[in-house]
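Here the structure comes first, spelled out in structure tokens, and everything after it is commentary.
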Amino acid sequence: MPSDARSRLLAVMAEVRPELHRYCARLAGSVFDGDDIVQDVLVRALVAIDGLEAGTPLRPWLFRIAHNRALDYLRSRAVRKSEPIETAAEIADGLTPDPAEALERQEAINTALARFTELPIVQRSVIVLKDVLGHSLEEISALLDLSVNAVKAALSRGRAKLREINARPVEPRLVKPASPAAERFASLFNRRDWDALRSLLAEDVHLTQTSHPDRKGRAEVSLFFTIYASTPEFRLVPAYLDGGRGDEVIAVFAPADAEQPNYLMRVEWRDSQIVRIRDFRYAKYILDGADLAFAASGDEKASLLR
């Protein structure tokens, strides 16, 4: 592969990666699955760029790969829905949307990730591309291999469906305690007890950090804590995605007194040992749409036990 082609691809990928994640996370209904899909996109793009025709715009090409990989993910999860495409009324597509159009876009941006999965896949794709990422109807038509009228139809019906979904009462956020493992990890990290944390690592532990080479094995992953030892200030708090109904994660506040978390970690365990750490310090976009519910603190835990 020519080095200039690889360098150009990596530069474009770094720029477009947050947008690709916003798209894939909403199609998959998960910030972590979305990031896995985006990582797969990069791997496949690096393999395929050698055969790419010179002058091909890389941004739409990457979105095409991301779309296809997201569809493969949905098929593997057996959640893809079929949908007939019909012509719909004309939909505005100016660079400056009218007020009604702006409201539609704002509604899509504010919609929780999990709710997007209630839309049929074509509607879901069109809504995210148009209302969340701001692509034109023509760009969406080319990406999804649909006529512009079919895109308009999916957009009109998807927006109507999304309004119905968002009109339902919001489920109350769940308050529940952290798992003992997550609580221990956060506590040791906040105390900077690196030796205790290293003792929890399995021999085959795996560390993933976006835009950095993976580390594997206890010796390599131990360096992760050495790097954090030089970080001036932070605070780790166990939390849950999807308002308390999703996966357990670790929210990282840096500095410690920050009002909102800056990024997430995800720690996976086998028995009492850590087998994988996913650190999104260099991928703060992972928080977009995450809908965090922080684990119950002392008084709240006591109340839950009564």
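The numbering used here puts the first residue of the sequence shown at 295, with every later residue one more than the last.
Where a beta carbon is used, it is the ideal one built from N, C-alpha and C, also for glycine.
- Runs of the alpha helix (DSSP H) lying entirely within the segment 491–577 and spanning at least 4 residues, in chain order: 512–523.
- In this structure, L586 lies away from A552, with their beta-carbon atoms at least 9 Å apart.
- Under the three-state reduction of DSSP, A587 is assigned to strand.
- Look at P354 here: in three-state DSSP terms it is helix.
- Taking 9 Å as the cut-off, the Cβ atoms of K470 and A584 do not count as close.
- An exposed status is given to I521, since fewer than 16 other beta-carbon atoms sit within 10 Å of its beta-carbon.
- A distance of 9 Å or more separates the beta carbons of Y367 and I421.
- Per the coordinates, the alpha-carbon of Q554 lies some 42 Å from the alpha-carbon of D344.
- Around the beta carbon of R485, fewer than 16 other beta carbons lie within 10 angstroms, which makes this residue exposed.
- In the three-state scheme derived from DSSP, where H, G and I count as helix and E and B as strand, L346 is classed as coil.
- Check the Cα spacing between I544 and each of I571, D334, Q567: the tightest is with I571.
- Comparing C-alpha distances from M307 to each of I568, A461, R353 shows the shortest one belongs to R353.
- Rounded to the nearest angstrom, the Cβ distance from A550 to F528 is 6 Å, consistent with a contact under 8 Å.
- The residue among W488, E433, A408 with its C-alpha nearest the C-alpha of G538 is A408.
- Straight through space, the alpha carbons of N460 and L438 are spaced by roughly 26 Å.
- In this structure the segment 556–574 does not touch the segment 430–448; the number of beta carbon pairs closer than 8 Å is below three.
- DSSP, read as helix, strand or coil, puts R371 in coil.
- Assignment of L438 by DSSP, reduced to helix, strand and coil, places it in the helix class.
- In the DSSP annotation of this structure, the continuous segment of the alpha helix (DSSP H) that includes E477 starts and ends at 474–484.
- No residue range can be given for R467, since it is assigned to no alpha helix (DSSP H) and is classified by DSSP as neither H nor E.
- A distance below 8 Å between beta-carbons, with the five flanking residues on each side excluded, links D582 to the following residues of its chain, in chain order: P312, H315, R316, A319, V325.
- Note that the C-beta distance between A339 and L365 is not below 9 Å.
- Assignment of G428 by DSSP, reduced to helix, strand and coil, places it in the coil class.
- For R358, same chain residues with a beta-carbon under 8 Å away, outside a window of 5 residues either side, are L437 in chain order.
- Residue environment for Y579: buried (at least 16 other C-beta atoms within 10 angstroms of its C-beta).
- As the crow flies, the alpha-carbon of A342 is around 11 Å from that of L356.
- Classified as buried, V310 has 16 or more neighbouring CB atoms from the shown chains inside 10 Å of its CB.
- For L407, the uninterrupted alpha helix (DSSP H) segment begins and ends at 407–410.
- In its chain, beyond the 5 residues on either side, L494, L495, A496, V499 have a beta carbon closer than 8 Å to the beta carbon of Q567.
- Pairing R575 with S516, the inter-Cα distance amounts to about 17 Å.
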